[in-house]
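> For reference, the structure I am asking about is given below.
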Amino acid sequence: MTQELEQLANALNGKSNLRNTFDKCISILADNGWYISKTMSIGNIFNSTTIVIKEGKEAIDKAMCNYYKNNFSRVIDEFISDFPERKEIIKQAKKCHDKKMFFASTILFTSQADGICEGFLFKIKRKRKDGLKSYLEKNNAPDYITKLLIEIRGIDAFFEDNHLYNSDFNRHGIMHGLDNEYGNEINSYKALSLLSFVSNLFTRNN
47 MTQELEQLAN
57 ALNGKSNLRN
67 TFDKCISILA
77 DNGWYISKTM
87 SIGNIFNSTT
97 IVIKEGKEAI
107 DKAMCNYYKN
117 NFSRVIDEFI
127 SDFPERKEII
137 KQAKKCHDKK
147 MFFASTILFT
157 SQADGICEGF
167 LFKIKRKRKD
177 GLKSYLEKNN
187 APDYITKLLI
197 EIRGIDAFFE
207 DNHLYNSDFN
217 RHGIMHGLDN
227 EYGNEINSYK
237 ALSLLSFVSN
247 LFTRNN
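Add 46 to the 1-based position in the sequence shown for this note's numbering, that's all there is to it.
Structure (structure tokens):
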């Protein structure tokens, strides 16, 4: 962990490749179930990653929850502007979140993220996500999106294997009714962060 923190410090001081450091940062966040939004600054991303390395899972959950809580309406509004055909679903997801109905908001945000990727987001064959890779390449996804999403993480794992990963935000357990404890504020924001991230595939040039 100390080496990773040193690499981030060097990047902030202009002593290492910023692109590689950015990729490393968003990978560390994704390992912990968090995804960046286009509303985030580079400073937010580096600071959040530093928190993971220095203080661990609980600290990053708190920091990222605070970020998405403070930017909740903005993230929702930008998503609705970019995907007006999904407006009613996202409005209901937001209403559920606001009413602390986190089982409902989490599954709605997660399903919409998969819907944007036409159902390829979580498909794994032979321990690979070739279908998603082909879909992203067909849609000219930037390298940082493709590289991040085709790596198998806790969100993609089978429910019984989820203990092997840093994040307990697990699509298999949520969508197939295997997890009866996922309905909390943290997972609702994690699902929103994933939705916000994959939406960049289609809105990055707008």
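The beta carbon of each residue, even a glycine, is placed where N, CA and C say it ideally should be. As the structure is a computational prediction, the values presented were derived from the model and not from experiment.
With a threshold of 8 Å, are at least 3 pairs of Cβ atoms found where one atom belongs to the region 196-207 and the other to the region 103-122?
Not touching, per the Cβ criterion.
> With 16 other CB atoms within 10 Å as the buried threshold, where does residue 112 fall?
It is exposed - the Cβ of residue 112 has fewer than 16 other Cβ atoms within 10 Å.
> Does the region 211-231 come close enough to the region 122-138 to have 3 or more Cβ pairs within less than 8 Å?
Counting Cβ pairs under 8 Å, fewer than three are found: no touch.
> Mapping the DSSP letters down to three states, classify residue 171 as helix, strand or coil.
Three-state result, residue 171: strand.
> At the level of alpha carbons, what is the spacing between residue 88 and residue 216?
Answer to the nearest angstrom: the Cα atoms are 27 Å apart.
> Leaving aside the five residues before and after residue 241 along the sequence, list all residues of the same chain whose C-beta is less than 8 Å from its C-beta, in chain order.
Correct list, in chain order: 125, 155, 156, 158, 159, 162.
> Roughly how many whole angstroms lie between the Cα atoms of residue 234 and residue 106?
Distance between the alpha carbons of residue 234 and residue 106 is about 15 Å.
> Buried or exposed: where does residue 167 fall if 16 or more other Cβ atoms within 10 Å of its Cβ makes it buried?
Residue 167 should be labelled buried.
> Residue 48: buried (16+ other C-beta within 10 angstroms of its C-beta) or exposed?
Only weak support exists for where residue 48 lies, its pLDDT of 45 falling under 50; the value from the coordinates is given anyway. When all chains shown are included, residue 48 counts as exposed.
> As a quick exercise: from 172, 109, 184, pick the residue whose alpha carbon is nearest that of residue 197.
Taking only the C-alpha atoms, the option nearest residue 197 is 172.
> Look at residue 109 and residue 199 and say whether their C-beta atoms are less than 8 Å apart.
No, they are not a contact pair.
> In chain order, which alpha helix (DSSP H) runs of at least 4 residues are fully inside the region 108-135?
With a minimum length of 4 residues, the continuous alpha helix (DSSP H) runs that stay inside the region 108-135 are 118-128.
> Could you give the DSSP three-state label for residue 221: helix, strand or coil?
Reduced to three states, the DSSP call for residue 221 is helix.
> Where residue 251 and residue 69 are concerned, what is the direct C-alpha to C-alpha distance, given to the nearest angstrom?
Low local confidence applies: a pLDDT of 44 at residue 251 is under 50, so the model's placement there is unreliable, with the coordinate-based value given in what follows. Answer to the nearest angstrom: the Cα atoms are 20 Å apart.
> Which of the three DSSP states is assigned to residue 236 in this structure?
DSSP places residue 236 in helix when its eight states are reduced to three.
> So, at 6 Å on beta carbons, what are the nonlocal neighbours of residue 169 in its own chain, with the 5 sequence-adjacent residues on each side left out?
For residue 169, where only same-chain residues beyond five positions count, the Cβ hits under 6 Å are 177.
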